[in-house]
Amino acid sequence: MLTQLEKAEQRWGGANKLIDQWLTHRRKLLIQYFTLAGLAPYTRAEKSLPSIKDVKEFCAQLVDYVSEGHFEVYDRVVSECATYGQDSKATAQNLLPKISESTDTALDFNDKYTESEDDKVLYQLDKDLAQLAQAMESRFEYEDELLEILHSRHS
Numbered sequence: 082m083l084t085q086l087e088k089a090e091q092r093w094g095g096a097n098k099l100i101d102q103w104l105t106h107r108r109k110l111l112i113q114y115f116t117l118a119g120l121a122p123y124t125r126a127e128k129s130l131p132s133i134k135d136v137k138e139f140c141a142q143l144v145d146y147v148s149e150g151h152f153e154v155y156d157r158v159v160s161e162c163a164t165y166g167q168d169s170k171a172t173a174q175n176l177l178p179k180i181s182e183s184t185d186t187a188l189d190f191n192d193k194y195t196e197s198e199d200d201k202v203l204y205q206l207d208k209d210l211a212q213l214a215q216a217m218e219s220r221f222e223y224e225d226e227l228l229e230i231l232h233s234r235h236s
């Protein structure tokens, strides 16, 4: 996922302030994910579960990222595509429901880990992080497709 992000930053970085901000927030989310999951290069020295506090901080960042896409970025990208024709707008609008599928997964993850008062929920964290990663990887691909439409047809 970090490699995919680096390609996105190289391809679209500097083209638009909002897109740059969005990609920066994606990088922060991914780094926090890898840290939480104990994945290289962000492995922890001790082999223990992360704290519930760390999980909740990740959840906050996850919800911020998902919200930023839905409430700031997507509408602006679709609007930009619309200025270049109905075909571009339709293609962009067809991607939004696909992106929304991962929103449900992210919000379910957030609800599970922010509402729980029992630290035992952390025993399910590895499985839940793996499911979240799959959903977010698909989301990033669709988001990148959205950006590519805008870039390739309209730059």
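Residues in the sequence shown are numbered from 82 upward in steps of one, following our numbering. Ideal Cβ placement from N, Cα and C applies to all residues, glycine included. None of the values given here were measured: they were computed from a predicted structure.
Could you work out which residue in the options is closest to residue i when comparing CA atoms only?
i      : options                        : result
Arg157 : Leu210, Ser219, Glu218, Leu177 : Leu177
Ser132 : Asn97, Asp200, Glu218          : Asp200
Arg220 : Asp189, Ile180, Leu188         : Ile180
Lys137 : Ala214, Lys208, Ala211, Thr195 : Thr195
Thr172 : Leu120, Glu218, Ile230         : Ile230
Lys128 : Asp207, Gly95, Lys134          : Asp207
Leu213 : Gln102, Phe115, Gly94          : Phe115
Lys170 : Arg108, Thr84, Ala211, Glu226  : Glu226
Asp209 : Lys193, Glu222, Glu198, Ser197 : Lys193
Should residue i and residue j be called a contact, given that it needs their Cβ atoms to be closer than 8 Å?
i      : j      : result
Leu117 : Phe139 : yes
Glu161 : Leu99  : no
Ala33  : Thr186 : Coverage of the chain is limited to positions 82 through 236, which leaves residue 33 absent and any answer about it impossible.
Leu143 : Asn191 : yes
Leu130 : Leu111 : no
Met82  : Glu182 : no
Thr184 : Val147 : yes
Ala89  : Leu188 : no
Taking only heavy atoms of the ligand FMN into account, decide whether any of them is closer than 7 Å to the Cβ of residue i.
i      : result
Trp103 : The ligand content of the structure shown is nil, which means the ligand FMN is not present either.
Following the continuous alpha helix (DSSP H) through residue i, name the residue where it begins and the one where it ends.
i      : result
Asp101 : 98-118
So is residue i buried or exposed if we call it buried at 16+ other beta carbons inside 10 Å?
i      : result
Gly150 : buried
Tyr204 : exposed
Gln102 : exposed
Asp145 : exposed
Gln113 : buried
Glu224 : buried
Quiz item: Could you give the uninterrupted runs of the alpha helix (DSSP H) lying entirely in the region 134-173, keeping only those of 4 residues or more?
Solution: The region 134-173 contains, as complete alpha helix (DSSP H) runs of 4+ residues, the segments 155-163 (chain order).
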